[in-house]
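So the structure is just underneath, and the comments pick up after that.
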Amino acid sequence: MTERSSLLSLSRRRLLITTSVAAAAVLVATTGLTSAQAADSPRDGGDITFLIDSLGDTWIPNNSAISSFQGHIWGHVTDKLLYVDAEGKVSPWLAERWEQNDKATEFTLHLKSGVSFSDGSPLDAAAVVANLDIWYAGRKNEGINPIGLFPKTYDHAEAVDATTVKVFFKKPTLGFIPTLGYHGSILISPKTIAQPAAQQADLSKTSGSGPFVVDSWKEGDFVKLVKRKDYNWGPAAVGHTGPAFLDSITYKLVSEPSLRVASVQSGQADVAYNASPQELKSLKEEGFTIATPRYLGFVNGWAVNTKLPPYDDVKVRQALQAGINRQEIIDTVYTPDWKLATSFIQSNVPGATDHGALLVYAPDKAEKLLDEAGWLKGADGIRVKEGKPLAITLHSNPYLATSKSIDELIAQQLGKLGWKVNIRAYDVVTYGEKVKYGGPAVPAYEVTRSFIDAGTVASILTNANNGENWFALGDSDAKLNGLRDKIAGAASIDARKPLLDELQKYVLEQGYFIPRTQIVQRIYVQSPTLKGEVYNGVAYASYYTAFITD
């Protein structure tokens, strides 16, 4: 590990202004979800500092690539086989093209030639097979986990020749191709994969094929990346394939949100991550670039533990669904950049359908359901049944800066209906240790989770094929399990679409998942002189295409 003193005091180097690269298209702003405004032509040179609120607790690639924090670094030092944009559109990257059989059980990937990892080894078919195998199985005995959303129907992969990989699945797996663009599906060198976990946890020993490499890092402090000058295989979808324009990116840990923002305002840093939503309006007015991209995935909400009374009662879950005023959350905690949930899946996910009518605030309905379930209000306003209060403990999610504020507002809303609400907040590490789906003390697990393909959802919710069993139902819900199997077995998008619609409706009707809002988990406040970044399907900012203007 290479240590280095605090990087915030370093002044930005003068830019070396060169002729813009003809092959690099000027990125045009759309909705703020696909790219930032780039009115000037890209130019080489410059160093940026990105202030972040955590750098996680491990750098083992399989374990940390899906982290909301470490994913930023992995997105710059590694590549993927496919690129997925903010609307879920899949396009070639290191896999130039692909085919699948009629049953969606066999896929052939044709790789771009001439790609190499930063350790000099080729990114060829054998390397891709090694990555597919580790994504699927991990090495659990060493503490290297599988990638959670990688298809559990995976059987094996074969290197047909240096640039051709054939992948086999035990059952139809439509989601395989999109999942190759998932932020956990990063390609690392076979030499890195072969290392034991302790060495993989040393970021300086991980070799990717991305446009940046690790220059130096210090645990819990910073990671500095420098550009790889021979990089020439970026995704065509972002309008550039050659080396990055910036010389370096430094990710610096600053835990206090106001300090991160103040550093950007004063010119000491270029990007502040996860600012308070209440600050965004004034920062826009000051001329700073604000990005609030939605990712592809689940909305922010709760997976309800149906094993824990009283949430084993559908009427109590339905009352919880009806008792939350979601518009008040947006009006109070957020800004108009946030959207109402219309399902438990973000509305920009291909396959998401609108079931907003099931999520309308209806306190009278909630009161009636609770009365029918035998929960009666006492003199103190708390509902009681058989001597026990109607209680819920909310564990604020540290991956979402606004989580505790939302919990406090919902506590007021539910309190009016007779709930006794307790709120607990932990840091990232403690939360990961104490708060689990279906945990014995967790009636409602707060979800902030991305995915690329909606077809993976049903198996995540249930326990099929080592699924995560979010609602602690096991095999008890025949309808849910039937939908899961039909979705998993669908061999075409058209056949799968009505099944996904039925699944979304059923899960919401049963109160298994309680949406709060569509999620904007990643908030960016950026210097107006930094242009050209791109936001992908899971809302990470890539500075591969970014540059600094005068």
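Taken in order, the sequence shown gives residues -38 to -1, 1 to 512; the numbers are from mature numbering (1 follows the signal peptide of the UniProt record, and there is no 0).
The C-beta atom is built at its ideal place from N, Cα and C for all residues, glycine as well.
Cβ neighbours of residue i in the same chain (closer than 6 Å, five flanking residues each side left out)
{"i": "Lys366", "result": "Ser358, Ala387"}
{"i": "Gly318", "result": "Thr304"}
{"i": "Ala452", "result": "Arg458"}
{"i": "Tyr323", "result": "Asn287"}
{"i": "Trp337", "result": "Arg345, Lys347, Leu352"}
{"i": "Ile155", "result": "Ala92, Ile96"}
{"i": "Ala234", "result": "Leu13, Arg222, Val223, Val226, Val487"}
{"i": "Ala335", "result": "Asp275, Lys277, Val278"}
{"i": "Ala(-17)", "result": "Reliability fails at Ala(-17), whose pLDDT of 31 lies under 50, so the model's placement of it is uncertain and the value that follows must be treated cautiously. Closer than 6 Å at the Cβ level, and outside the excluded window around Ala(-17), lies no residue."}
{"i": "Phe413", "result": "Leu111, Gly259"}
Neighbourhood of residue i by C-beta distance below 8 Å, restricted to the same chain and skipping five residues each side
{"i": "Pro477", "result": "Val261, Asn262, Gly263, Arg288, Ala303, Ser305, Phe306, Leu321, Leu470"}
N- and C-terminal bounds of the alpha helix (DSSP H) containing residue i
{"i": "Val391", "result": "390 to 396"}
{"i": "Gln472", "result": "First-last for Gln472: undefined, no H or E at that position."}
{"i": "Ile292", "result": "288 to 295"}
{"i": "His34", "result": "32 to 39"}
{"i": "Gln280", "result": "276 to 284"}
{"i": "Val90", "result": "87 to 99"}
{"i": "Ala156", "result": "152 to 156"}
{"i": "Leu221", "result": "219 to 227"}
{"i": "Ser421", "result": "419 to 423"}
{"i": "Ala160", "result": "159 to 162"}
{"i": "Thr168", "result": "Taken as a continuous stretch (DSSP letters only), Thr168 belongs to no alpha helix (DSSP H), as it is neither H nor E."}
Counterpart residues of residue i in DSSP-defined beta bridges
{"i": "Asn384", "result": "Thr355"}
{"i": "Leu13", "result": "Lys214, Ala234"}
{"i": "Gln62", "result": "Phe69"}
{"i": "Tyr45", "result": "Ser53"}
{"i": "Arg411", "result": "None; Arg411 has no bridge partner."}
{"i": "Ile372", "result": "Per DSSP, none; premise fails for Ile372."}
{"i": "Tyr116", "result": "Phe131"}
{"i": "Arg446", "result": "BP columns for Arg446 are empty, so no partner."}
{"i": "Leu338", "result": "Val346"}
{"i": "Trp21", "result": "BP columns for Trp21 are empty, so no partner."}
{"i": "Ala403", "result": "DSSP output for Ala403 lists no bridge partner at all."}
{"i": "Lys180", "result": "Phe184"}
{"i": "Ala440", "result": "In the DSSP output, where bridge partners are listed per residue, Ala440 has none listed."}
{"i": "Phe509", "result": "Lys493"}
{"i": "Ala121", "result": "Val127"}
{"i": "Val175", "result": "Val188"}
{"i": "Ile106", "result": "Arg101"}
{"i": "Pro477", "result": "Gly263"}
Proximity below 8 Å, CB of residue i to CB of residue j
{"i": "Gly499", "j": "Leu258", "result": "yes"}
{"i": "Val404", "j": "Asn267", "result": "yes"}
{"i": "Phe184", "j": "Val487", "result": "no"}
{"i": "Trp381", "j": "Leu165", "result": "no"}
{"i": "Thr126", "j": "Ile150", "result": "no"}
{"i": "Arg222", "j": "Ala237", "result": "yes"}
{"i": "Lys180", "j": "Asp209", "result": "no"}
{"i": "Leu215", "j": "Gly182", "result": "yes"}
{"i": "Pro113", "j": "Phe131", "result": "yes"}
{"i": "Val311", "j": "Leu371", "result": "no"}
{"i": "Leu331", "j": "Ala281", "result": "yes"}
{"i": "Thr40", "j": "Ile109", "result": "no"}
{"i": "Trp60", "j": "Pro197", "result": "no"}
{"i": "Ala121", "j": "Ala88", "result": "yes"}
{"i": "Gly400", "j": "Ala434", "result": "yes"}
{"i": "Arg101", "j": "Phe509", "result": "no"}
{"i": "Ala265", "j": "Phe475", "result": "yes"}
{"i": "Ala450", "j": "Ala420", "result": "yes"}
{"i": "Thr141", "j": "Thr418", "result": "yes"}
{"i": "Ala199", "j": "Ser3", "result": "no"}
{"i": "Asn103", "j": "Asn24", "result": "no"}
{"i": "Ile422", "j": "Tyr213", "result": "no"}
Cβ neighbours of residue i in the same chain (closer than 7 Å, five flanking residues each side left out)
{"i": "Gly377", "result": "Val383"}
{"i": "Trp300", "result": "Ile292, Thr479, Gln480, Val482"}
{"i": "Ile211", "result": "Ile10, Phe12, His38, Phe174, Leu187, Tyr505"}
{"i": "Glu329", "result": "Leu379"}
{"i": "Phe31", "result": "Ile14, Ser16, Leu17, Gly18"}
{"i": "Asp369", "result": "Leu356, Ser358, Ile385"}
{"i": "Gln157", "result": "Lys167"}
Residue span of the beta strand (DSSP E) that contains residue i, given as start and end
{"i": "Pro239", "result": "Where Pro239 is concerned, there is no enclosing beta strand (DSSP E), given that its DSSP letter is neither H nor E."}
{"i": "Ala253", "result": "251 to 253"}
{"i": "Gln488", "result": "486 to 488"}
{"i": "Asn319", "result": "A small fix is needed here, since residue 319 is Ala in this sequence, not Asn. Neither: Ala319 is in no beta strand (DSSP E) and is coded neither H nor E."}
{"i": "Ala265", "result": "262 to 266"}
beta-carbon residue i near the ligand HEM non-hydrogen atom, thresh 7 Å
{"i": "Leu111", "result": "Although the ligand HEM was asked about, the structure shown includes no ligands whatsoever."}
is_contact[residue i, chain D] using C-beta, thresh 8 Å
{"i": "Ala426", "result": "Here chain D cannot be found, since the structure has a single protein chain."}
Is the segment 450 to 468 touching the segment 478 to 497 in the sense that three or more CB pairs, one from each, lie closer than 8 Å?
Segment contact: the segment 478 to 497 against the segment 450 to 468, fewer than three CB-CB distances shorter than 8 Å; contact not assigned.
Kindly confirm or deny that the segment 132 to 144 and the segment 76 to 93 touch, where touching means at least three C-beta pairs closer than 8 Å.
Contact between the segment 132 to 144 and the segment 76 to 93 is absent, because fewer than three Cβ pairs lie under 8 Å.
Meets three-Cβ-pair contact criterion under 8 Å: the segment 407 to 418 and the segment 439 to 447:
Contact between the segment 407 to 418 and the segment 439 to 447 is absent, because fewer than three Cβ pairs lie under 8 Å.
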